[in-house]
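The structure appears below as structure tokens.
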Amino acid sequence: MNDLTDTKAIPEKSRYSAGVMEYKKMGYWEPDYVPKVTDVIALFRVTPQEGVDPEEASAAIAGESSTATWTVVWTDRLTACDKYRAKCYRVDPVPNTTDQYFAWIAYDIDLFEGGSIANLTASIIGNVFGFKAVKALRLEDMHIPVAYLKTFQGPATGVVVERERMDKFGRPLLGATTKPKLGLSGRNYGRVVYEGLKGGLDFMKDDENINSQPFMHWRDRFLYVMEAVNKAQAETGEVKGHYLNVTAGTMEEMYARAEFAKELGSIIIMIDLVIGYTAIQSMALWARKNDMILHLHRAGNSTYSRQKNHGMNFRVICKWMRMAGVDHIHAGTVVGKLEGDPLMIKGFYDTLLGENVPANLQHGLFFDQDWASLNKCMPVASGGIHAGQMHQLIHHLGEDVVLQFGGGTIGHPMGIQAGATANRVALEAIIQARNEGRDYLAEGPEILAAAARWCSPLRAALDTWKGVTFDYASTDTADFVPTATAS
Amino acid sequence: MRITQGTFSFLPDFTDEQISAQVQYCLDNGWALNFEYTDDPHPRNTYWEMWGIPLFDIADAAGVMMELAACRKVHAGTNYIRMTAFDSSHGWESIRLSMITDRPAHEPGFMVERQEQAGRRIAYTTRAYVTTRPAGERYT
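Sequence lines, in order, name chains A and P.
Residues in the first sequence are numbered from 710 upward in steps of one, following this note's numbering.
Residues in the second sequence are numbered from 4 upward in steps of one, following this note's numbering.
Right, here's the structure in full:
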């Protein structure tokens, strides 16, 4: 067995002798390496199999996600292989664990095709997650160099232009998902959309699994929904929208549905994450070309983003989706029914909205990230939130977010319009108080109660959902906590 | 009906003191304020008439409120008036807050015109009832 503490790659001649060799010695472990500004860097959480040296496991990941196979190949010598080898340059134990390590791996930009999330991910997450030498593996974060970012379109519309087109400034946008998500006829479905929009929401939304089913085929939905949108617009004098989900079995069908949405005058369409990275990029190009806002529902992400030791962190999905070019992405609520630690969610929101985002370990951001003027992507907060939490939502999520109250609108005892009005009044009251410099987080319940004195829908909402919270421990939490300083 | 464009249209109309607090918030953020007015409330009427250029150099809320008073003297009652805050910082370079400060006493609202087309399609037009009359004579 080779000496595991010897980290030097071995001389050229013996390096290429036929047989199996440790990845560390094949050039995939270079502790002195200083990443170039054009390198892509990935940070993995590695759980090596028992008895496997962490540096060797990390070097193996560098190898298998770049040029290596399990044995030495002489054909490497026909290439500038030193350049193409990914280089693991740092391995640290994960705080408060005994068997996990953070591995920093740098990849030369020439390993990747410009403008292709599929190509980037085929390398970074293509093979390595099933690798036997590791018990578990998680992609925690990535640094994307400006040179590579500039090969991507970025969000088709972006937060600023979306606000300009919608003529909505200074507050979060409000939305709701039509419920029940399955079973409504087109005519009934449009009713829910009209009521929500007329009551004060900016957007209504198809759910992830509403496509074209026996109870409602897609054309019928699109036609009734646009009647609802246009009627609500006239009733309020405000621009309104509904995310028409164009997700389908083929690209041809998705384009056909998107074209129909455009012909009907919709300002926004929607796709699901499960359609795949290439399909998402294609729809983003279509959206840019057709002046359409593109909403992404993150359907499926929790199958691989939730567990801490395996899969990938959602912040990486945020990065890829901003590059791929979507305008909206669901990114957590903190206070709602779905997974979401406040610090982690701050990291997601900064990733979607920032221009120059500094590393922040408490927020799970391991790298400084310059977004190279790619548009901002609007985070969407959805799932188990209601008007009584408005002060907390604005405190945690800020104002560049779409707050989506599905049950919190449609489940209102006085009806859908009243539910929408309650949310809009609560939102504007808290924004007013924030701008006036009040301590709106502490005074939130009083501010809402004061508005409820003249707004009976808000009063009913506060009474109905009083005390509804989803207080479970998060599974995806920060590894780094601030150290208390002696005072 | 009450048109609900702008940041605070679902709240009761703001008092001058409340408007002034919003002005102060915008000034504290370094945004330039501007007043605009129109008698065409269509939701896609982007360009309301400007009451002068944005107040880039007025640093106190009282000064901004004096401009609003001057604008009101000419246009209140016959026009909507809104206050818009512009942020020139890189990456935004657009509006940060836009609120209606004044509205006509009576807001007749809009009608939807439906043009039936082939295949159950309908082409929709939103039309403000007031715009059947010439500009300047709509809310008198």
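For glycine and all other residues, C-beta sits at the position ideal for the given N, C-alpha and C.
Note that the structure is a prediction, hence the values are computed from the model and not measured.
Delimiting residues of the beta strand (DSSP E) encompassing residue i
i	result
residue 797 of chain A	796–802
residue 1213 of chain A	The structure shown does not extend to residue 1213 of chain A, since chain A spans only 710 to 1196, so no value can be given for it.
residue 1117 of chain A	Unbroken run through residue 1117 of chain A is the alpha helix (DSSP H), 1116–1119; no beta strand (DSSP E).
residue 954 of chain A	950–954
residue 845 of chain A	843–852
residue 810 of chain A	810–816
residue 37 of chain P	35–41
residue 90 of chain P	83–90
residue 102 of chain P	97–105
Residue i, enclosing alpha helix (DSSP H) - first and last residue
i	result
residue 832 of chain A	826–833
residue 1102 of chain A	1099–1106
residue 70 of chain P	64–78
residue 1144 of chain A	1125–1144
residue 897 of chain A	895–908
residue 1056 of chain A	1051–1062
residue 1200 of chain A	Residue 1200 of chain A lies beyond the range of chain A shown here (710 to 1196); nothing can be said about it.
Cβ-Cβ distance between residue i and residue j below 8 angstroms
i	j	result
residue 1049 of chain A	residue 1183 of chain A	yes
residue 892 of chain A	residue 924 of chain A	yes
residue 895 of chain A	residue 914 of chain A	no
residue 1136 of chain A	residue 1157 of chain A	no
residue 943 of chain A	residue 920 of chain A	no
residue 843 of chain A	residue 744 of chain A	no
residue 114 of chain P	residue 130 of chain P	yes
residue 850 of chain A	residue 982 of chain A	no
residue 1038 of chain A	residue 1005 of chain A	yes
residue 960 of chain A	residue 911 of chain A	no
residue 1113 of chain A	residue 1090 of chain A	yes
residue 107 of chain P	residue 80 of chain P	yes
residue 742 of chain A	residue 798 of chain A	yes
residue 937 of chain A	residue 903 of chain A	yes
residue 969 of chain A	residue 928 of chain A	yes
Option in the options with minimal Cα separation from residue i
i	options	result
residue 1076 of chain A	A/841, A/748 and A/952	A/748
residue 1141 of chain A	P/4, P/79, P/11 and P/5	P/11
residue 1178 of chain A	A/1156, A/1152 and A/1093	A/1093
residue 22 of chain P	P/41, P/129, P/87 and P/97	P/87
residue 83 of chain P	P/105, P/123, P/33 and P/110	P/105
residue 1058 of chain A	A/794, A/1109, A/859 and A/883	A/1109
residue 1036 of chain A	A/736, A/908, A/833 and A/871	A/871
residue 38 of chain P	P/78, P/123, P/113 and P/119	P/78
residue 754 of chain A	A/811, A/788, A/732 and A/761	A/811
residue 955 of chain A	A/939, A/918, A/946 and A/933	A/918
residue 778 of chain A	A/729, A/1150, A/1085 and A/1060	A/729
residue 1026 of chain A	A/1018, A/1007, A/1019 and A/1017	A/1007
residue 1138 of chain A	A/1160, A/904 and A/1122	A/1160
residue 29 of chain P	P/90, P/123, P/117 and P/118	P/90
residue 111 of chain P	P/45, P/56 and P/34	P/45
Cutoff 8 angstroms: residue i Cβ touching any chain P Cβ
i	result
residue 895 of chain A	no
residue 713 of chain A	At residue 713 of chain A, the pLDDT of 44 sits below 50, so the modelled position is not reliable and the matter cannot be decided from this model.
residue 873 of chain A	yes
residue 1007 of chain A	no
residue 1195 of chain A	Residue placement at residue 1195 of chain A cannot be trusted, given a pLDDT of 48 that sits under 50; the coordinates are not used to answer.
residue 1176 of chain A	no
residue 847 of chain A	no
residue 880 of chain A	yes
residue 876 of chain A	yes
residue 974 of chain A	yes
residue 866 of chain A	no
residue 945 of chain A	yes
residue 869 of chain A	yes
8 angstroms Cβ cutoff, residue i in contact with chain A
i	result
residue 6 of chain P	yes
residue 59 of chain P	no
residue 124 of chain P	yes
residue 113 of chain P	yes
residue 129 of chain P	yes
residue 141 of chain P	no
residue 46 of chain P	yes
Near-chain P residues of the segment 1133–1149 of chain A - C-beta to any C-beta below 9 angstroms | Listed by position, the residues of the segment 1133–1149 of chain A near chain P (Cβ gap below 9 angstroms) are 1133, 1134, 1136, 1137, 1138, 1140, 1141, 1143, 1144, 1145 and 1146.
Give, in chain order, every residue of the segment 915–942 of chain A whose Cβ lies closer than 8 angstroms to some Cβ of chain P.
-> 932, 935, 936, 939, 940 and 942
Residues, ordered as in the chain, of the segment 79–100 of chain P that lie near chain A by beta-carbon distance below 9 angstroms | 87, 88, 93, 94, 95, 96, 97, 98, 99 and 100
Relative to chain P, which residues along the segment 1061–1074 of chain A have a C-beta separation below 7 angstroms, given in chain order?
-> Here the close residues are 1064.
Of the residues that make up the segment 10–36 of chain P, which ones have a beta carbon closer than 9 angstroms to any beta carbon in chain A?
-> 10, 11, 12, 13, 14, 15, 17, 21, 24, 25, 27, 28, 29 and 31
Closer than 8 angstroms, Cβ to Cβ, to anything on chain P: give me those residues from the segment 948–973 of chain A, in chain order.
-> 948, 972 and 973
Scan the segment 1115–1129 of chain A for residues whose Cβ lies nearer than 8 angstroms to a Cβ of chain P and list them as they occur along the chain.
-> Sequence-ordered contacts of the segment 1115–1129 of chain A with chain P are nonexistent [C-beta pairs closer than 8 angstroms].
Which of the residues in the segment 898–910 of chain A, read from start to end, lie with their CB under 7 angstroms from any CB of chain P?
-> 909
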